[in-house]
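Peer 1:
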Amino acid sequence: MHIRTVDLENDGECHAFYTAFREAELAGNADRPIWSEPEMRAFLAEPSDAEDIHVFGAFEDGENGQLVGSAFTFYPLLDNTEKAYTGVYVAPDRRGQGIGSALVDHVVEHAARLDRTALLAEATYGFDRREDHPYRRFAEKRGFVPASVEVARRAELPIPEAQLDAWIAEAEAHHIGYRVETFTDTVPADLLPSVCHVLNQLAIDAPTGDLDFEAEQVTPEIRRQTDARNKKSGLRRYETVAIDQTGAAVGVSTIGVPADSDKMHQWATIVLKAHRGHRLGLALKAHNLRAAQRDHPDRTAIHTQNHETNRPMVAINERFGFKPVELCVEFQRKLDA
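Numbering (numbering that gives the first Met the number 0), first residue to last: 0 to 336.
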């Protein structure tokens, strides 16, 4: 077994990396939302000032052999710089052969060499095996412990527009003085700094279990890099923003719409603490979904996930018809022990 950096400019090697990733990710749930290959290539290969990304493959029979396992590690560069985020992927028919363990050892050594003291990895699996799923047993055997639990949810689309309009009208009376505007793919330059500020608070605002984060430091320049990667991969981004009397964003809800999929992804919804109590969260989500599904009437489902203790957001999602699908467990391994 040989582990080395994957050449993302090599189409065959990149496709083999994606194939291992895809087969591993869809094991146990073929409906699980994952990156498309164009999305993966755009986000792994394009540079970003916010993070450094390393992509590894496990190759059978030497460095030019068949790729049989994939791994990547994201290193934040601006915030939370003691952490690294990793994923290790082995197709079901190649498991139990030491491939995953070898990749874990490699990413652990790599993160430690770059002076990271905490390595985080997520695993997704069913509620019925919460305590003893093979993914959990694999992680714990290699020094990772469960640190945060989110629940993946799915809602059928379309949600009737009359229902979305009713939720918008219900919320509207509670946020007089605020404007709610929806943007596609990018946010106007004058609004972008305050949008970044709102989204940067998510890491410290939402429940995170036993994990501690500092606010992110995404700047308008970094956001534009992300917008460029989205455009290259065909991913559309719908963003509805609550704007206060000063003209600053105070709440944001984001939906991602991949190019080659029948799904949408509900990403962050956040309202700054000083502006809560005005039903802005409900308004933002309803406005945003109305815009996204008008433009993409072919989409049949929308996926999201929230920490299992985040009752206010879960309650809104339940109104939208989101049903629990599976657990998303964040594991942590401390590297400074």
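Even for Gly, the Cβ is constructed at its ideal location relative to N, Cα and C.
Quick one: Cα of F319 to Cα of A154, how far?
Peer 2: Stepping through the sequence shown from its first residue, residue 319 is reached at position 320. Stepping through the sequence shown from its first residue, residue 154 is reached at position 155. For F319 and A154, the distance between alpha carbons rounds to 7 angstroms.
Peer 1: Do V186 and E238 have their C-beta atoms closer together than 8 angstroms?
Peer 2: One-based indexing of the sequence shown puts residue 186 at position 187. One-based indexing of the sequence shown puts residue 238 at position 239. For V186 and E238, yes; Cβs fall inside 8 angstroms.
Peer 1: On the three-state DSSP scale, how would you describe E160?
Peer 2: Residue numbering aside, residue 160 sits at position 161 when the sequence shown is read from its first letter. Here E160 sits in helix by DSSP.
Peer 1: Thinking C-alpha only, which one of N63, L190, E62 is nearest A241?
Peer 2: Working through the sequence shown from its first residue, we reach residue 241 at position 242. Out of N63, L190, E62, L190 has the C-alpha closest to the C-alpha of A241.
Peer 1: Would a C-beta distance cut-off of 8 angstroms place V89 and A23 closer than the cut-off?
Peer 2: Counted from its first residue, the sequence shown places residue 89 at position 90. Counted from its first residue, the sequence shown places residue 23 at position 24. Closer than 8 angstroms, so yes.
Peer 1: Buried or exposed for V197, going by 16 or more other Cβ atoms inside 10 Å?
Peer 2: For the purposes of this step, residue 197 is taken as residue 198 along the sequence shown, with counting starting at 1. The residue in question, V197, is buried, as its Cβ has 16 or more Cβ neighbours within 10 Å.
Peer 1: Within the same chain, show all residues whose beta-carbon is closer than 7 angstroms to that of A26, passing over the 5 residues directly before and after it, in chain order.
Peer 2: Within the sequence shown, residue 26 is the residue found at index 27, counting from 1. Excluding residues within five positions, the ones whose Cβ falls inside 7 angstroms are P91.
Peer 1: Less than 6 angstroms between C-beta atoms, sequence neighbours within five positions excluded: which residues of the same chain meet that for D335?
Peer 2: Reading the sequence shown from its first residue, position 336 is the one you call residue 335. Cβ neighbours of D335 beyond the five flanking positions: T116.
Peer 1: The alpha helix (DSSP H) with I52 in it runs from where to where?
Peer 2: As a position in the sequence shown, residue 52 is number 53, starting the count at 1. Counting along the chain, I52 falls outside any alpha helix (DSSP H), though it belongs to the beta strand (DSSP E) covering 50-59.
Peer 1: Excluding sequence positions up to five away, which residues of its chain have a Cβ less than 7 angstroms from the Cβ of I52?
Peer 2: Here residue 52 corresponds to residue number 53 of the sequence shown, with the count starting at 1. Only L43, F71, F73 meet the Cβ criterion.
Peer 1: Would you check if the distance between the CB atom of F330 and the CB atom of V144 is smaller than 8 angstroms?
Peer 2: Reading the sequence shown from its first residue, position 331 is the one you call residue 330. Reading the sequence shown from its first residue, position 145 is the one you call residue 144. Yes, these two residues count as a Cβ contact at 8 angstroms.
Peer 1: Assign G39 to one of three DSSP states: helix, strand, or coil.
Peer 2: As a working mapping, residue 39 is identified with position 40 in the sequence shown. Looking at the sequence itself, residue 39 is Met, so the reference to Gly does not match. Here M39 sits in helix by DSSP.
Peer 1: Return the bridge partner residues of I2 from the DSSP annotation.
Peer 2: Start at 1 with the first residue of the sequence shown, and residue 2 comes out as number 3. In the DSSP output, where bridge partners are listed per residue, I2 has A57.
Peer 1: Is the distance from the Cβ of A282 to the Cβ of V217 below 8 angstroms?
Peer 2: Taking the first residue of the sequence shown as position 1, residue 282 is located at position 283. Taking the first residue of the sequence shown as position 1, residue 217 is located at position 218. Contact: no.
Peer 1: Check the C-beta distance from E62 over to H1 and give it rounded, since I have them as a contact under 8 angstroms.
Peer 2: In the sequence shown, residue 62 corresponds to position 63, counting from 1. In the sequence shown, residue 1 corresponds to position 2, counting from 1. At roughly 5 angstroms, the Cβ-Cβ gap stays under 8 angstroms, so E62 and H1 are in contact.
Peer 1: Could you give the DSSP three-state label for S260: helix, strand or coil?
Peer 2: Position 261 of the sequence shown, counted from the start, is the residue given in the question as residue 260. Coil.
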